[in-house]
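If you're matching them up, the sequences are chains A and B in order. Position 85 (the first sequence) corresponds to 85 in our numbering; numbering is contiguous. Position 13 (the second sequence) corresponds to 13 in our numbering; numbering is contiguous. First comes the structure, then the notes that go with it.
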Amino acid sequence: MLEARNVRLWYGDFNALKGVSMKIQPRSITAIIGPSGCGKSTMLRCFNRMNDLVEGCRVEGEVLFEGRNIYDHYDLTELRKRVGMVFQRPNPFPLSVQENVGYGPRIHGLASGDGLRAAVKKALQATQLWNDVGDRLTAPALSLSAEQQQRLCISRLLAVAPDILLMDEPCSALDPMATQNIEELMLELKRDYTIVIVTHNMQQAARVSDFTGFMLLGELVEFGETQTIFTAPTDKRTEEYITGRYG
Amino acid sequence: MKQETAIRLILLGLAMSAVGALAVITTFIMKEGLPVIFRHGLGSFLFGTEWQPNAEPARFGVFAMIVGSAAVTGGALVIGVPVGLGSAIFLSEFAPRRVVTFFKPAIELLAGIPSVVFGFMGMLVLLPFIREHIGGRGASVLAGSIILGIMILPTVIAISVDALRAVPRSYREGSFALGATGWQTTWRVTLPAARAGIVAAVILGMGRAIGETMAVIMVTGNSVQIPRSPLDAVRTLTSNIALEMSYADGEHREALFATGVVLFVIIMCLNTLANAIARVGKRD
Ligand SMILES: Nc1ncnc2c1ncn2[C@@H]1O[C@H](COP(=O)(O)OP(=O)(O)OP(=O)(O)O)[C@@H](O)[C@H]1O
Ligand SMILES: [Mg+2]
């Protein structure tokens with residue numbers, strides 16, 4: 001349902017992606033791993049065209065979403081509604097919990113009044129945040145703990161009913177306990193959503209993902225089922241990286 | 001080591017001189033202005049509508065001037081804030097860098113134009129225009145509001161731009177990633193996040209408008225009266241001082257200082273308010 005075909009990307013003169021192709025399977029978790037600066041985030045941000053916000057950024061190649069190239073006259077609002085993104089640092093808006101989760105439905109005119117309240121509740125329940133914050137929906141979102149903030153950001157996404165969740169190191173600002181909780185949440189969400197996650201943490205990739213792509217210097221070195229990548233990689237560089245012998 | 005101490009003392013002295021000047025000015029204005037206020041009574045000074053320094057007995061009521069200052073300042077905000085905030089949003093959120101590099105110096109230049117030039121332009125262009133196309137004699141609250149509205153633009157724009165720029169990128173990204181448009185992001189996320197700084201910008205613009213003298217004298221007509229329409233002439237607190245200071249003596253002169261006391265208190269309150277709000281904004 002989501003496929004990158006020979007994606008090349010430049011930040012000014014710098015060639016950050018050198019022809020990446022990968023196919024994301026529905027209702028699965030795909031992990032992108034690789035050393036710092038190899039282009040993981042850049043690749044992820046190609047899927048919802050967040051790179052468009054970067055001045056001097058140029059993209060070639062195709063990203064097909066349901067068979068249509070999102071770089072060819074695709075409505076950005078529609079795209080980002082359906083392909084949502086969770087960031088490395090939890091970034092709730094400096095508004096109340098309720099306004100955060102209701103933000104998407106409101107700007108897209110999906111719900112209002114009782115319908116909006118119901119949507120907010122459902123989205124908070126989906127991330128198991130409802131029990132914690134259900135009785136203080138008007139509290140400032142920034143007063144929540146880091147893990148709760150990240151859950152809130154995920155709820156905020158779910159409220160616009162996306163198909164795909166892009167997560168850029170969603171646990172790197174969290175402690176081990178919170179990380180484990182978010183990982184469990186991802187496994188839960190996999191039943192209804194297609195997830196692509198960027199992570200530095202190889203154990204995390206091994207634990208949660210079904211497919212793994214290993215990137216190096218703007219290239220996708222190897223892509224396949226997580227189990228295969230971690231037990232029998234075909235490329236020597238992948239093996240060096242996952243066994244910790246790289247750099 | 002000795003040299004170090006000496007340098008520190010010199011710098012301290014220099015820093016103190018600014019505070020010292022403030023102290024001297026404050027004491028002087030208060031000493032000259034307060035007695036006459038208490039002699040005539042605070043109520044009749046602030047709320048008296050007659051200003052007749054040469055009558056027997058003299059009457060010093062600054063209420064019409066307070067209303068005058070409030071009217072042109074309010075008008076200046078009505079004109080200057082939407083334009084200034086709009087420009088700030090454009091510069092910080094939408095304008096390509098090339099446009100910003102052209103606009104910013106232009107706005108700074110606007111801040112550098114002497115107020116007498118604004119007043120002069122007002123007399124030559126604005127007053128005849130109002131007289132011919134809108135009504136009244138030209139010199140009016142409306143004219144003062146327009147001129148001051150333009151004069152507070154640099155303050156409002158510069159401080160609002162700073163406030164908007166201080167909003168973390170991650171808020172905007174979060175909004176865009178949900179499919180929001182640029183305007184939805186600005187209106188629902190960036191502006192609320194920058195609220196405190198923007199309020200501070202408005203208050204500082206207000207302080208600038210209240211304190212302005214030369215341009216106001218040249219375009220507001222200066223009659224001591226409570227305006228009934230925007231086309232009526234008014235006199236502001238600042239104009240009152242500047243117009244009469246050269247020939248006033250005795251109690252009249254003291255009454256002008258007393259007008260200064262009123263201005264001083266208003267501006268001090270505004271600055272304190274702006275600082276307090278900016279602080280609250282930082283804490284959020
Ligand atoms: N806005 C930008 N302008 C210029 N170069 C950029 C920009 N963003 C990223 N880069 C460069 O592109 C390359 C890939 O960056 P990217 O953020 O995708 O790496 P990453 O694999 O996500 O790294 P990390 O693990 O540190 O997050 C890096 O060399 C980076 O310096
Ligand atoms: Mg990254």
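Note that the Cβ used here is the ideal one computed from N, Cα and C, for glycine as well.
Would you say the beta carbon of residue i comes nearer than 7 Å to a heavy atom of ligand 4?
i       : result
A:LYS40 : This structure lacks ligand 4; its bound ligands are ligand 1 and ligand 2.
List the DSSP bridge partners of residue i.
i        : result
A:GLU3   : A:LYS23, A:LEU64
B:GLY221 : B:VAL234
A:TYR11  : A:PHE14, A:CYS57
A:GLY224 : A:THR212
A:ASP135 : DSSP, once it has assigned bridges, lists no residue as partnering A:ASP135.
A:PRO140 : A:SER96
B:PHE60  : B:TRP51
A:ASN69  : A:LEU64
A:PHE165 : Sequence inspection shows Leu at residue 165 of chain A; the Phe mentioned does not correspond to that position. DSSP output for A:LEU165 lists A:GLY84, A:ILE195 as bridge partner(s).
A:ALA31  : A:ILE197, A:THR212
A:GLU219 : A:LEU216
Run the CB neighbour count on residue i, radius 10 Å, all protein chains shown included, and call it buried at 16 or more, exposed below.
i        : result
B:LYS31  : exposed
B:CYS269 : exposed
B:MET1   : exposed
A:THR231 : exposed
B:PHE257 : buried
B:SER239 : buried
B:LEU231 : buried
A:GLY247 : Its pLDDT being 48, under 50, A:GLY247 is placed unreliably by the model, and the measurement read from it follows with that caveat. The residue in question, A:GLY247, is exposed, as its Cβ has fewer than 16 Cβ neighbours within 10 Å.
A:TYR241 : buried
B:ILE7   : exposed
B:TYR247 : exposed
A:GLN203 : exposed
B:HIS133 : exposed
A:ASN6   : exposed
A:VAL25  : Reading off the sequence shown, one finds Gln at residue 25 of chain A, where the question assumed Val. Per the 10 Å Cβ criterion, exposed.
A:GLU66  : exposed
B:SER140 : buried
Please list, in chain order, all residues of the same chain as residue i whose beta carbon is under 7 Å from its beta carbon, the five residues on each side excluded.
i        : result
A:ASP235 : VAL221, GLU222
A:VAL54  : TYR11
B:PRO96  : none
Among the residues of its own chain, which have a CB less than 8 Å from the CB of residue i, if the five just before and after it don't count?
i        : result
B:ALA166 : ALA194, GLY197
B:GLY207 : ILE267, LEU270, ASN271, ALA274
B:SER115 : MET151, GLU212, THR213, MET214, ALA215
B:ALA278 : ALA196, GLY197, ALA200
A:LEU216 : GLY34, PRO35, CYS38, ARG237, TYR241
B:SER145 : ALA71, VAL72, GLY74, GLY75, ALA76, VAL78, ILE79, PRO230
Quick one: residues in its chain with C-beta nearer than 6 Å to the C-beta of residue i, no 5 flanking neighbours on either side, listed in chain order?
i        : result
B:VAL224 : TRP51, ALA64, ARG235
A:LEU165 : GLY84, TYR193, ILE195
A:GLU188 : none
B:LEU263 : LEU237
A:ARG36  : According to the sequence displayed, residue 36 of chain A carries Ser and not Arg. Cβ within range, chain order: n/a, list empty.
A:ALA126 : LEU158
B:GLY149 : ALA76, ILE79, GLY80
B:THR155 : LEU204, GLY205, ARG208
Discussion item. Pairs of beta-carbons, one from the stretch 188-207 of chain B and one from the stretch 118-135 of chain B, closer than 8 Å: are there three or more?
Written reply: no
Discussion item. Assess contact between the stretch 41-50 of chain B and the stretch 144-162 of chain B, defined as three or more Cβ pairs (one per stretch) separated by less than 8 Å. Is contact present?
Written reply: no
Discussion item. Closer than 7 Å between beta carbons: that is the criterion. Which residues of the stretch 141-170 of chain B meet it against chain A?
Written reply: SER170
Worksheet item: Between the stretch 67-75 of chain A and the stretch 151-163 of chain A, do three or more beta carbon pairs fall short of 8 Å?
Response: no
Fill in: Cβ-based contacts, 8 Å cut-off: residues of the stretch 76-99 of chain A near chain B
LEU76, THR77, GLU78, LEU79, ARG80, LYS81, GLY84, MET85, PHE87, ARG89, ASN91, PRO92, PHE93, PRO94, LEU95
Discussion item. Can you pull out the residues from the stretch 154-172 of chain A whose beta carbon lies closer than 8 Å to at least one beta carbon of chain B?
Written reply: ARG156, LEU157, VAL160
Worksheet item: Between the stretch 106-122 of chain A and chain B, which residues of the former have CB atoms less than 7 Å from a CB of the latter, in chain order?
Response: ILE107, HIS108
Worksheet item: Just checking, does the stretch 95-105 of chain A make contact with the stretch 155-173 of chain A on the three C-beta pairs under 8 Å criterion?
Response: yes
Item to complete: Would you be able to state if there are at least three C-beta pairs under 8 Å between the stretch 18-26 of chain A and the stretch 176-183 of chain A?
Response: no
Worksheet item: Any chance the stretch 104-124 of chain A sits against the stretch 210-220 of chain B, with 3 or more Cβ pairs inside 8 Å?
Response: no
Practice prompt. Mind checking the stretch 184-209 of chain B against chain A and listing, in chain order, the residues whose C-beta falls within less than 8 Å of any C-beta there?
Written response: GLN184, ARG188, VAL189, PRO192, ALA193
Worksheet item: Taking one C-beta from the stretch 163-180 of chain B and one from the stretch 79-99 of chain B each time, how about it: are there three or more such pairs within less than 8 Å?
Response: yes
Worksheet entry | Near-chain B residues of the stretch 20-53 of chain A - C-beta to any C-beta below 7 Å | ASN48, MET50, LEU53
Item to complete: Evaluate the contact criterion for the stretch 208-222 of chain A versus the stretch 22-37 of chain A: three or more CB pairs, one atom per stretch, below 8 Å.
Response: yes
Worksheet item: Looking at C-beta atoms only, is the number of pairs between the stretch 105-114 of chain B and the stretch 169-179 of chain B that lie closer than 8 Å three or more?
Response: no
Item to complete: Please list the residues of the stretch 250-268 of chain B that have a C-beta atom closer than 7 Å to any C-beta atom in chain A, keeping them in chain order.
Response: none
Discussion item. Three Cβ pairs or more, each shorter than 8 Å: is that satisfied between the stretch 166-175 of chain B and the stretch 85-93 of chain A?
Written reply: yes
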